[in-house]
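A.B. asks: Below is a structure I'd like to ask you about.
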Amino acid sequence: MPSGSSPGGVGVSAEIRSLGTPRLPAKTRERKGIQSVEIGVRVLDALAAATGPLPLREIGRLAGLSASQAHRYLASFLKSGLVQQHPTTGHYDLGSRALHWGLAAMSRIDEVESAAEALKRLSTKFDVTGMVSIWGERGPTCIRMQRGSSLVGTDVGLGTIFPVLGSATGNVFLAFLPSSMTAPYVRRELDSARQRGAPAATARSVAETSAKVRELGYARAHGHFISNLSALAAPVFDFQHELVAALALVVRREHLEKDETRLTAALLAEARGVSKALGG
Numbered sequence: 000m001p002s003g004s005s006p007g008g009v010g011v012s013a014e015i016r017s018l019g020t021p022r023l024p025a026k027t028r029e030r031k032g033i034q035s036v037e038i039g040v041r042v043l044d045a046l047a048a049a050t051g052p053l054p055l056r057e058i059g060r061l062a063g064l065s066a067s068q069a070h071r072y073l074a075s076f077l078k079s080g081l082v083q084q085h086p087t088t089g090h091y092d093l094g095s096r097a098l099h100w101g102l103a104a105m106s107r108i109d110e111v112e113s114a115a116e117a118l119k120r121l122s123t124k125f126d127v128t129g130m131v132s133i134w135g136e137r138g139p140t141c142i143r144m145q146r147g148s149s150l151v152g153t154d155v156g157l158g159t160i161f162p163v164l165g166s167a168t169g170n171v172f173l174a175f176l177p178s179s180m181t182a183p184y185v186r187r188e189l190d191s192a193r194q195r196g197a198p199a200a201t202a203r204s205v206a207e208t209s210a211k212v213r214e215l216g217y218a219r220a221h222g223h224f225i226s227n228l229s230a231l232a233a234p235v236f237d238f239q240h241e242l243v244a245a246l247a248l249v250v251r252r253e254h255l256e257k258d259e260t261r262l263t264a265a266l267l268a269e270a271r272g273v274s275k276a277l278g279g
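Just so you know, the sequence shown maps onto residues 0 to 279 in numbering that gives the first Met the number 0.
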């Protein structure tokens, strides 16, 4: 048999050629991606992060491209409607198709389910009770709950209405909602405290509490709503940076004192992650 021939008479080199280019594993192909698309996304990201239309050179600088390179991408985006160009200044901005895509993505996001998934991760990791609350007709209302061992024997659950002044969840709504929405609830709780002969907050202390929550980015409460339990709560914002929900963790006071730094960091990271997913 001649050298380099197979039993069927086909040369080895021919067999190799017939195999074509070896196919890479799917994972490798996905990781490699398409570089030009990734560069194009940088151009769009530069426009999305801006507060208004940008000149060509500035877009190139932000995307890490020369002006001529950026122009080629922008020309294609103009044709597709992803970008528009101001007729007088020549500056570029996001176009109607970018708006359409953004709205389509937003319409498919369920903020409650996103928050509930974040809650599940926190509760599982730290064995704490987690709650998602929204602003309802009667105030901050728990609509999702992941129970941990710290809430055994309490009646807190779905549908629980939290006070705006005496709970971490309520303090988040107090701090980040317009005062026109929260003021009637504040007055009602202050009146109730006076009728019971309990120490009542002052307008100054309410304002200071709200300012502190906004400064820290979260609220904390110890035994105000449930004796011997402490709570941390963080806001979730939508794409208009409006408060849509509060994520809260409820733990025994000694647990919080021992692990407050880790719990707070994890809660804030999850709340910010949900906000980012919502465009906030």
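For each residue, glycine too, the CB sits at the ideal point set by N, CA and C.
#1: Starting from ASP92, trace the beta strand (DSSP E) both ways and give me its first and last residue.
#2: Do you know how far the Cα of ALA48 is from the Cα of GLY165?
#3: Helix, strand or coil: how does DSSP classify GLN145 here?
#4: Kindly indicate if chain D contains any beta-carbon less than 8 Å away from that of ARG193.
#5: Using only alpha-carbon positions, find the residue among GLU112, ASP190, GLY63, HIS70 that is nearest to VAL243.
#6: CB ALA117 to CB LEU246, shorter than 8 Å?
#7: Starting from the C-beta of LEU43, find all residues in its chain whose C-beta is less than 8 Å away, skip the five residues before and the five after it, and write them out in chain order.
#8: Whole angstroms is fine: what's the gap from ARG143's alpha carbon to SER132's?
#9: Would you report the Cα separation of ARG193 and PRO139, rounded to the nearest angstrom?
#10: Secondary structure at ILE38, three-state DSSP: helix, strand or coil?
#11: By the DSSP assignment, the beta strand (DSSP E) with PHE236 in it spans what residues?
#12: Going by beta carbon distance, what residues of the same chain come within less than 6 Å of TYR72, once the five residues before and after it are set aside?
#13: Per DSSP, ASP221 is paired with what?
#14: Compute the distance between the beta-carbons of ALA232 and ALA276, then report whether it is under 8 Å.
#15: Is there contact between the segment 155-164 and the segment 172-184, where contact requires at least three CB pairs shorter than 8 Å?
#16: Pick out the complete beta strand (DSSP E) segments inside the segment 115-201, 3 residues or longer, and give them in chain order.
#17: In chain order, what residues of the same chain have a beta carbon less than 6 Å from the beta carbon of ALA230, not counting five sequence neighbours either side?
#18: Classify GLN239 as helix, strand or coil using the three-state DSSP reduction.
#19: Name, in chain order, the residues that DSSP records as bridge partners for VAL212.
C.D. replies: Working from what's here:
#1: Element bounds for ASP92: 91-93.
#2: 38 Å
#3: In the structure shown, GLN145 adopts extended strand secondary structure according to DSSP, grouped into three states.
#4: Looking for chain D here will not work: only one protein chain is present.
#5: Nearest C-alpha to VAL243 among GLU112, ASP190, GLY63, HIS70: GLU112.
#6: yes
#7: PHE76, LEU81, VAL82, LEU93, ALA97
#8: Separation of ARG143 and SER132 (C-alpha to C-alpha, rounded to the nearest whole angstrom) is 7 Å.
#9: 22 Å
#10: In the structure shown, ILE38 sits in a helix (DSSP, three-state: H, G or I).
#11: Note, PHE236: beta strand (DSSP E), 228-236.
#12: GLY39, VAL42
#13: The residue asked about is misnamed: residue 221 is His in this sequence, not Asp. Within the DSSP secondary-structure output, HIS221 pairs in a beta bridge with SER229.
#14: no
#15: With the rule of 3 Cβ pairs closer than 8 Å, the segment 155-164 counts as touching the segment 172-184.
#16: 128-135, 138-145
#17: If you ignore the 5 residues before and after ALA230, its C-beta comes within less than 6 Å of the C-beta of ALA167, ALA220, ALA247, VAL249, all in its own chain and listed in chain order.
#18: coil
#19: According to DSSP, which records beta bridges pairwise, VAL212 is partnered with nothing at all.
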